[in-house]
Structures are given as structure tokens and as C-alpha cells.
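J.: Take this note's numbering: the final residue in the sequence shown is number 316, and no numbers are missing along the way.
Quick reminder that beta carbons are idealized off the backbone N, C-alpha and C, glycines included.
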Amino acid sequence: MPDRQSSARLAAEIDEALSLLDEFRSTSSAAPGDAPLPSLLDECRALCAALPRPEPMRSLHHPACSGGTLISKTVAALSGVVLLSEIDPLSTMEVRSKPGFAPTDLLLGLRYATRHINDRTLVATFQGAIRAMHESLSLSGRRLVLRDHTHSHYFTNTNPDRPSVYEMLRDTLPVRSLVTVRHPLDCFIALEANGWRHFDPFTLEEYCRRLKAFLDRHEDLPLIRYEDFTSDPPTTLEQICKALELPFNPLALDLLGLVRLSGDSGRSWHRIETRPRRDVPPTIEDQRVSELYSETCQRLGYTP
Numbered sequence: 013m014p015d016r017q018s019s020a021r022l023a024a025e026i027d028e029a030l031s032l033l034d035e036f037r038s039t040s041s042a043a044p045g046d047a048p049l050p051s052l053l054d055e056c057r058a059l060c061a062a063l064p065r066p067e068p069m070r071s072l073h074h075p076a077c078s079g080g081t082l083i084s085k086t087v088a089a090l091s092g093v094v095l096l097s098e099i100d101p102l103s104t105m106e107v108r109s110k111p112g113f114a115p116t117d118l119l120l121g122l123r124y125a126t127r128h129i130n131d132r133t134l135v136a137t138f139q140g141a142i143r144a145m146h147e148s149l150s151l152s153g154r155r156l157v158l159r160d161h162t163h164s165h166y167f168t169n170t171n172p173d174r175p176s177v178y179e180m181l182r183d184t185l186p187v188r189s190l191v192t193v194r195h196p197l198d199c200f201i202a203l204e205a206n207g208w209r210h211f212d213p214f215t216l217e218e219y220c221r222r223l224k225a226f227l228d229r230h231e232d233l234p235l236i237r238y239e240d241f242t243s244d245p246p247t248t249l250e251q252i253c254k255a256l257e258l259p260f261n262p263l264a265l266d267l268l269g270l271v272r273l274s275g276d277s278g279r280s281w282h283r284i285e286t287r288p289r290r291d292v293p294p295t296i297e298d299q300r301v302s303e304l305y306s307e308t309c310q311r312l313g314y315t316p
């Protein structure tokens with residue numbers, strides 16, 4: 013046990029140390045008006061905020077026969093854009109009973125494998141390829157845009173509850189996406205004219221039910237109407253570029269004839285203009301009384 017003399021000496025040393033600390037505080041305190049030293053954490057945050065954001069992935073989503081090819085061609089004509097057209101890794105529309113020659117198609121090769129390959133593997137393969145493409149193109153200053161093949165997912169006799177292309181992209185990279193639509197009646201008439209009866213029953217009401225499922229899955233995305241694009245291409249293209257975070261250039265509208273894309277099934281022309289509606293077949297005209305059709309038109313701002 014320490015004696016009283018040792019305790020007193022220890023107490024005196026503590027008092028002396030405290031006195032020195034008080035003296036240090038009084039001599040080192042900032043003079044009035046002196047600004048405090050900047051926070052190192054705040055400086056780090058400011059430096060990080062000043063760094064350029066990673067280039068996002070972009071995607072376009074629209075039903076068949078809705079003018080999506082025309083809009084996609086315009087986007088593809090923008091500076092630095094590399095557009096992949098009609099992509100859906102889970103589509104089975106081109107899977108045949110007899111394997112065809114497709115040496116560059118890894119996903120189709122997996123589909124034809126002797127042992128069953130599940131959708132998770134197909135999705136992971138797709139996401140890996142997209143990630144590699146996006147990274148490589150970004151390094152060279154180019155911008156990857158993917159055009160979804162919505163028809164495969166929602167307008168065929170397959171399960172529509174599987175992952176969507178937008179969801180696959182969203183889970184892979186930062187993505188800026190856009191939905192484009194056209195009057196449901198015009199789309200359905202065109203499907204009939206092209207012989208694309210890929211769902212049952214092939215009625216206007218069933219088409220609208222499937223269109224609703226597509227819209228519900230993408231309801232958080234900005235939406236552009238084809239009719240607005242054809243009536244005022246420069247203004248609508250500027251809106252498209254804003255939604256996709258792409259540099260706007262109205263000269264892209266003059267370059268459509270130079271862009272080749274799959275899915276060019278409509279009336280081919282290089283001039284953007286409003287065209288008259290096709291004649292409505294009597295069998296389709298009778299179906300316009302559908303309540304779901306009226307609700308769909310109202311949702312999209314169209315007259316039934």
C-alpha cells in the first residue's frame with residue numbers, strides 16, 4: 013500500500029499536469045474571427061461529389077407495332093450510342109425443335125444444351141455480358157442502349173411472371189429506362205395485319221389485359237407516346253434524351269435512313285410524320301365496346 017507521502021506527491025503531480033493543460037488551452041484557443049479548420053471528412057465528401065458519375069445503362073421498352081423501331085432508330089442515331097435491338101434473354105420465340113446454326117449466340121447455345129439449363133443461369137450469363145459490354149463501351153466514350161423485346165414476354169403464350177429485361181438490367185447496373193406506347197387499337201390492328209397471333213384468345217380485350225400487365229410492371233418509368241413523337245419530333249426527342257440522360261441533338265432526326273435495326277415491320281419511311289389509321293376490320297370494330305379497352309385508352313390519354 014502506498015504511504016501518505018507518496019499519495020501526496022502523486023496528487024501534486026496530477027494538479028501540476030491539470031494546470032499545464034489549462035495553460036495550454038488558454039494559449040492555443042483560436043482568436044476571435046478565426047475560421048475553424050475544415051473537416052477532413054467534409055473534404056473527402058466534396059472530392060467524391062466532384063467526381064463524374066458512372067455512365068448508366070439505358071433501355072427502351074414498348075409493345076410490338078407501337079412505333080418503337082422508329083423511336084429506337086432515332087436514339088441509335090444520337091452521338092456515341094450503341095443500340096442493341098429486340099433483346100430478351102428469356103425469350104423462347106426463336107428456339108426451334110431442331111438446333112440451328114448460331115455460332116455467336118451463347119444463350120441459344122445454352123437453350124440447345126443436352127442437359128437442362130435453368131433461367132437463373134441464362135439471366136446471369138446475360139447480365140455478365142451486359143456488364144462487360146457497358147464497361148468496354150464506356151471506356152471508349154460510347155453509350156449502350158438496349159431495346160427490349162416486350163412482345164416475347166407479355167404477348168405470347170408464356171408465363172409473364174418471370175423476370176423482365178428491365179429488372180435484369182436494374183439488378184446489374186445503374187439504368188435509365190423509358191416506356192413508349194401507341195394507341196392500343198392501332199397496335200392490335202397491326203398485329204392482326206402481320207399475322208402475329210401469339211396469344212389466346214386473340215381479342216382486343218385480351219391484348220389490353222396483357223398491355224396492362226406490361227404497364228404495371230413498368231409504371232415507375234417515364235412514358236412517351238408515339239403520336240406525340242410523330243407530331244413534334246424535336247420536342248419529343250429532347251424529352252427522350254432527358255429521360256435517358258443522353259445528349260440531345262435534333263440532327264439525329266435526319267439520319268434515320270442510315271440506321272438499320274431488326275423489328276422494322278411497319279410502313280417503312282425515313283420521314284417522321286403522322287400517318288392515318290389503318291382501316292379497322294369489322295371483327296375488331298365490334299370489340300371496341302370492351303370496358304378494359306376503354307380503361308386502357310383512358311390510362312394512356314387516348315380516345316377509345
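Residues in the same chain with beta-carbon distance under 7 Å from His165, minus the five sequence neighbours each way, listed in chain order, please.
T.: So the qualifying residues of the chain are Asp100, Pro172, Ser176.
J.: Could you pull the start and end residues of the alpha helix (DSSP H) that Thr86 belongs to?
T.: From DSSP, the alpha helix (DSSP H) with Thr86 extends over 80 to 88.
J.: Keeping to the same chain, check which residues put their C-beta closer than 8 Å to that of Asp183; ignore five residues upstream and five downstream.
T.: Cβ neighbours of Asp183 beyond the five flanking positions: Gln139.
J.: Whole beta strand (DSSP E) runs in the stretch 197 to 254 with 3 or more residues, listed along the chain?
T.: Within the stretch 197 to 254, the complete beta strand (DSSP E) runs of at least 3 residues are 235 to 237.
J.: From which residue to which residue does the alpha helix (DSSP H) around Ser164 run?
T.: Start and end: 162 to 166.
J.: Would you mind reading off the limits of the beta strand (DSSP E) that contains Glu98?
T.: Residues 93 to 99.
J.: Helix, strand or coil for Leu258, going by three-state DSSP, please let me know.
T.: Looking at Leu258 - three-state DSSP - the assignment turns out to be coil, as it is neither helix nor strand.
J.: Excluding the 5 residues flanking Leu223 on each side, which residues of the same chain have their C-beta closer than 7 Å to its C-beta?
T.: The answer, listed in chain order, is Pro75, Pro196, Thr308.
J.: How close, in whole Å, do the beta carbons of Met69 and Leu185 come, if the pair is a contact with beta carbons under 8 Å?
T.: Indeed, because the Cβ distance is near 4 Å, the residues count as touching under 8 Å.
J.: Less than 6 Å between C-beta atoms, sequence neighbours within five positions excluded: which residues of the same chain meet that for Phe260?
T.: Cβ within range, chain order: Glu250, Cys253.
J.: Excluding the five sequence neighbours on either side, which residues of its own chain have a C-beta within less than 8 Å of the C-beta of Pro345, listed in chain order?
T.: Nothing about residue 345 can be reported from this structure: the residues present for the chain run from 13 to 316 only.
J.: According to DSSP, what are the bridge partners of Leu190?
T.: Paired residues: Leu72.
J.: What do you get for Val93, buried or exposed, if any count of 16 or more other CB atoms within 10 angstroms of its CB means buried?
T.: So Val93 ends up on the buried side.
J.: I'd like to know whether the C-beta atoms of Val187 and His230 end up nearer to each other than 8 Å.
T.: No, the pair does not count as a contact, with Cβ atoms beyond the cut-off.
J.: Taking the straight line between their C-alpha atoms, what separation do you get for Leu270 and Leu149?
T.: Between Leu270 and Leu149, the C-alpha separation is close to 21 Å.
J.: At which residues does the alpha helix (DSSP H) containing Ala144 begin and terminate?
T.: 131 to 151 is the span of the alpha helix (DSSP H), which, as asked, contains Ala144.
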